[in-house]
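I have placed the structure first, in the form of structure tokens, so that the comments after it can refer back to it.
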Amino acid sequence: MSGTTRIVLSSDHAAISMRGAIAAHIAAQGFEVTDIGPTTPESTPYPQHGEAAARHVADGHSDLGIIICGTGQGIMMAANKVKGIRCGACSDTFSARMIRQHNDANMIALGARVVAEGLALDIVDAFLKARFEGGRHATRVDMIKAIEG
Ligand code: RB5
Numbered sequence: 069m070s071g072t073t074r075i076v077l078s079s080d081h082a083a084i085s086m087r088g089a090i091a092a093h094i095a096a097q098g099f100e101v102t103d104i105g106p107t108t109p110e111s112t113p114y115p116q117h118g119e120a121a122a123r124h125v126a127d128g129h130s131d132l133g134i135i136i137c138g139t140g141q142g143i144m145m146a147a148n149k150v151k152g153i154r155c156g157a158c159s160d161t162f163s164a165r166m167i168r169q170h171n172d173a174n175m176i177a178l179g180a181r182v183v184a185e186g187l188a189l190d191i192v193d194a195f196l197k198a199r200f201e202g203g204r205h206a207t208r209v210d211m212i213k214a215i216e217g
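Counted the way our numbering counts, the sequence shown spans residues 69 to 217.
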């Protein structure tokens, strides 16, 4: 990935505060951040926010996406329905690193009701620092892409 990496962020109502903390954390590292909300705490369905961030990445407006809901699971499921998206829900730094190294993930999902903010920032750092290893892993990622048709 050359130049400034562009990252889109979104969440549902369960993760407004965590999303803000992550946005500030990665902006301070020089990443180009697009936060597509929501900004108010009213209940709002996670599928629409997962899809919106996923389309931002799939359409080439961002390189990577970070999405957050209560568990990280629902918003991850929605994002993965968008063609070209490979998103993993992570609660640990090892998985966050591996989904890029082996699976070439272009999005990560977090659960604001699962991990505390400090761990969430470490998970994001692990994801952003890792690089896809290619080789035999590229063959397997190609197999995932083939399932999409
Ligand atoms: C919202 O209450 C909650 O269901 C949502 O944030 C998420 O955990 C869904 O997967």
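Don't be surprised by glycine CBs; every beta carbon is placed ideally from N, CA and C.
For clarity, every value in this text was computed on a predicted model and none was experimentally measured.
Closer than 7 Å to some heavy atom of the ligand RB5: that describes the Cβ of Thr-139. Beta-bridge analysis with DSSP links Cys-137 to Gly-179. Residue burial is scored here from C-beta neighbours: Ala-83 has at least 16 other C-beta atoms within 10 angstroms and is therefore classed as buried.
Glu-185 and Ala-214 have their C-alpha atoms spaced approximately 36 Å apart.
Under the three-state reduction of DSSP output, Val-150 falls in the coil class, being neither helix nor strand. Between Ala-126 and Ile-153, the C-beta gap is smaller than 8 Å, which places the two residues in contact.
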